[in-house]
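To start, the structure itself, in structure tokens.
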Amino acid sequence: MFQSLFDDVKRMNKRQFLYQVLSFGMIVSSALMIWKGLMVVTGSESPIVVVLSGSMEPAFHRGDLLFLTNYKEEPVRVGEIVVFKVEGRDIPIVHRVLKLHEKGNGTVKFLTKGDNNSVDDRGLYAPGQLWLTKKDVVGRARGFLPYVGMVTIYMNEYPKFKYAVLACLGLYVLVHRE
Amino acid sequence: MHSVLTRGNAILAYTLSVLAALTFCCFVSTVFIDYRTKATMNTVKVVVKNVPDYSASREKNDLGFLTFDFKHLTHLFNWNVKQLFLYLTAEYSTPTNKLNQVVLWDKIILRGENAILDFKNMNTKYYFWDDGNGLKGNPNVTLTLSWNIIPNAGLLPSIFALGQHAFRFPTEYTTSRV
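From first to last, the protein sequence lines are chains R and D. Under the working numbering, think of the first position of the first sequence as 325, with each following residue one higher. Under the working numbering, think of the first position of the second sequence as 860, with each following residue one higher.
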């Protein structure tokens, strides 16, 4: 089977090869366009997140996908599921808002807690930080899709798997005549 | 043309597309359902103290104590509801903060569990701290029951019950051990 693939490659002239490379580039850039477009439409810097921990079970398990929005006209309210990032750390945390205090000028501070945790999140915030503010929030969870994010978790935990998948995809697109 | 690989590829692609279509149908079939019902609530004992809050900034803040009863029948389950997250919110306004929302109690009800709730004289699950000293003599604290629907796949709406209860805090702090 590989022999037939290599025969195909040898028969392609330079122009067809460049055409293949260009179609590969088109696929990559349209994926990027869709992602950036989603970022603009939802207003969130990361409109799709994968749940990484079990702190919201039994609602969300590890590997579930969440769709976020972050519209300024819809203020955060208690009981909503928000995804936030603690300053200094890159992992997004998906928890529920427990307490909220908002001033007249719009500044708001809130406290979160995971459904499966017995204490609130003050231990997770940066040292000295007692409340979360609007700028820590990546978005509010609006939609939910189970199990789909497991692929991302596998790719992050087993980097060899990620490289293998990317290599196979690249090889397939370059060699396949379509 | 009919090698194992092409057959395996075709099966995998077909399985994935059928799963995606089913998930989409699951989501679309329940997206327009109205999940609002009535709930009746009442507060039994209401006191307020002014003590230092060691979990926050160690200043003296108002701490409200109350016991409540409420009655609620939950017939909101359908094939796309994995879990209901009920929470009781107290909403009020103080001179320092225009809007305050505090979750006092929450409960997770999974599909298949008994969903009839009839509580009498329940203690709150979380401490009712205020950000400041705005609870003493507060004339209008509103209790609302809300629920967050966690679907098998789809939107995550948060719905308020049709029925609220407003109460007031006493104008003096208690010194009794409560």
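Don't be surprised by glycine CBs; every beta carbon is placed ideally from N, CA and C.
> What does a CB cutoff of less than 8 Å around R:E502 pick up in its chain, not counting 5 residues either side in sequence?
Replying inline: Sequence index remark: in the first sequence, residue 502 of chain R carries index 178 (1-based). With a pLDDT of 49 at R:E502, under the threshold of 50, the predicted position of this residue should be treated as unreliable, though the coordinate-derived value follows. The answer is none, since no qualifying residue turns up.
> Whole beta strand (DSSP E) runs in the segment 419 to 455 of chain R with 3 or more residues, listed along the chain?
Replying inline: 432 to 437
> Does the beta-carbon of R:I417 have 16 or more other beta-carbons within 10 angstroms, so that it is buried, or is it exposed?
Replying inline: Mapped onto the first sequence, residue 417 of chain R falls at position 93. Per the 10 Å Cβ criterion, buried.
> How far does the alpha helix (DSSP H) with D:R866 in it reach, from first residue to last?
Replying inline: Taking the first residue of the second sequence as position 1, residue 866 of chain D is located at position 7. Under the DSSP assignment, D:R866 falls in the alpha helix (DSSP H) whose first and last residues are 863 to 888.
> In or out: R:F408 buried (at least 16 other Cβ within 10 Å) or exposed?
Replying inline: Residue numbering aside, residue 408 of chain R sits at position 84 when the first sequence is read from its first letter. R:F408 is buried by the Cβ-count criterion.
> Taking the C-alpha atoms as reference points, what is the distance between R:L469 and D:L875?
Replying inline: Position 145 of the first sequence, counted from the start, is the residue given in the question as residue 469 of chain R. Position 16 of the second sequence, counted from the start, is the residue given in the question as residue 875 of chain D. Cα to Cα, R:L469 sits roughly 14 Å from D:L875.
> Between the segment 956 to 989 of chain D and chain R, which residues of the former have a C-beta closer than 9 Å to a C-beta of the latter?
Replying inline: N956, K957, L958, N959, Q960, V961, V962, D965, I967, L969, Y985, W988, D989
> Taking 8 Å as the CB-CB limit, is R:E397 close to chain D?
Replying inline: For the purposes of this step, residue 397 of chain R is taken as residue 73 along the first sequence, with counting starting at 1. So, not an interface residue.
> Which bits of chain R does D:S1005 rub up against, with CB to CB less than 8 Å?
Replying inline: By one-based count along the second sequence, residue 1005 of chain D stands at place 146. By Cβ distance, chain R contributes G403.
> Taking the alpha-carbon positions, what's the D:A1012 to D:C885 distance?
Replying inline: The residue you call residue 1012 of chain D lines up with position 153 of the second sequence. The residue you call residue 885 of chain D lines up with position 26 of the second sequence. Distance between the alpha carbons of D:A1012 and D:C885: 7 Å.
> So what does R:P470 bridge to, in DSSP terms?
Replying inline: Locating residue 470 of chain R in the first sequence gives position 146, counting from the first residue. Looking at the DSSP assignment, R:P470 forms no beta bridge with any residue, so it has no partner.
> Exposed or buried, R:K508, counting other C-beta atoms within 10 Å across all chains shown (16 or more means buried)?
Replying inline: Past the boundaries of the shown model lies residue 508 of chain R; chain R is included only from 325 to 502, so the question cannot be answered.
>> 8 Å is my cut-off, CB to CB: does D:P1010 come that close to chain R?
In response: Against the second sequence, residue 1010 of chain D aligns to sequence position 151. Closer than 8 Å: yes.
> In angstroms, rounded to a whole number, what distance separates the CA positions of D:N920 and D:L947?
Replying inline: Against the second sequence, residue 920 of chain D aligns to sequence position 61. Against the second sequence, residue 947 of chain D aligns to sequence position 88. So the two alpha carbons sit approximately 21 Å from each other.
>> Quick check on DSSP: helix, strand or coil for R:W504?
In response: The requested residue 504 of chain R does not occur in the structure, where chain R is confined to residues 325 to 502.
>> Determine, for D:L1015, whether the minimum Cβ-Cβ distance to residues of chain R falls below 8 Å.
In response: If you number the second sequence from 1, residue 1015 of chain D lands on position 156. D:L1015 counts as touching chain R.
> Looking only at its own chain, which residues have a Cβ that is under 8 Å from the Cβ of R:G349, when we skip the five neighbours before and after it?
Replying inline: By one-based count along the first sequence, residue 349 of chain R stands at place 25. Here the set comprises nothing.
>> Less than 7 Å between C-beta atoms, sequence neighbours within five positions excluded: which residues of the same chain meet that for R:G452?
In response: Indexing the first sequence from 1 puts residue 452 of chain R at position 128. Once the five neighbours on either side are set aside, R:G452 has no close Cβ partner at all.
>> Against chain D, does R:R339 count as a neighbour if the rule is that its beta carbon must be under 8 Å from one of theirs?
In response: Taking the first sequence and counting its residues from 1, the one referred to as residue 339 of chain R is at position 15. Chain D, which has no Cβ nearer than 8 Å to the Cβ of R:R339, makes this no.
> R:G447: which of D:Y873, D:T896, D:S914 sits nearest, CA to CA?
Replying inline: Here residue 447 of chain R is taken as the residue at index 123 of the first sequence, counted from 1. Ranked by Cα distance from R:G447, the first of D:Y873, D:T896, D:S914 is D:S914.
>> Only counting the same chain, and skipping five residues up and downstream in sequence, which positions put a Cβ closer than 8 Å to that of D:F936?
In response: Residue 936 of chain D sits at position 77 when you count from the first residue of the second sequence. Hits under 8 Å: L943, R970, A974.
> Nearest CA to the CA of R:L422: which residue from D:L963, D:P954, D:L958, D:V907?
Replying inline: Taking the first sequence and counting its residues from 1, the one referred to as residue 422 of chain R is at position 98. The residue with the shortest Cα to Cα distance from R:L422 is D:L963.
> Just how far apart, CA to CA, sit D:P911 and D:F987?
Replying inline: Numbered from 1 along the second sequence, position 52 holds the residue referred to as residue 911 of chain D. Numbered from 1 along the second sequence, position 128 holds the residue referred to as residue 987 of chain D. So the two alpha carbons sit approximately 13 Å from each other.
>> Just to confirm my understanding: we take R:R420, look at its own chain, exclude 5 residues before and 5 after, and list those with CB closer than 8 Å. What are they?
In response: Here residue 420 of chain R refers to the residue found at position 96 of the first sequence. Closer than 8 Å at Cβ, skipping near neighbours: M380, G403, E404, I405, V406, T436, K437, G438, D439.
> Run through DSSP, which three-state label would R:T366 get?
Replying inline: Within the first sequence, numbered from 1, the residue matching residue 366 of chain R stands at position 42. DSSP places R:T366 in helix when its eight states are reduced to three.
> Which class does D:S1005 belong to by DSSP, given the choice of helix, strand or coil?
Replying inline: Position 146 of the second sequence holds residue 1005 of chain D. Three-state DSSP puts D:S1005 in a strand.
>> Does D:P954 pass the burial test, meaning 16 or more other C-beta atoms within 10 Å, or should it be called exposed?
In response: Counted from its first residue, the second sequence places residue 954 of chain D at position 95. When all chains shown are included, D:P954 counts as exposed.
>> Just to confirm, is the Cβ distance from D:L945 to D:L1004 under 8 Å?
In response: Locating residue 945 of chain D in the second sequence gives position 86, counting from the first residue. Locating residue 1004 of chain D in the second sequence gives position 145, counting from the first residue. Contact: yes.
>> Taking DSSP's pairing of strands, which residues face D:N909 in a bridge?
In response: As a first step, residue 909 of chain D is located in the second sequence; it is residue number 50 there, counting from the start. D:N909 pairs with D:D921.
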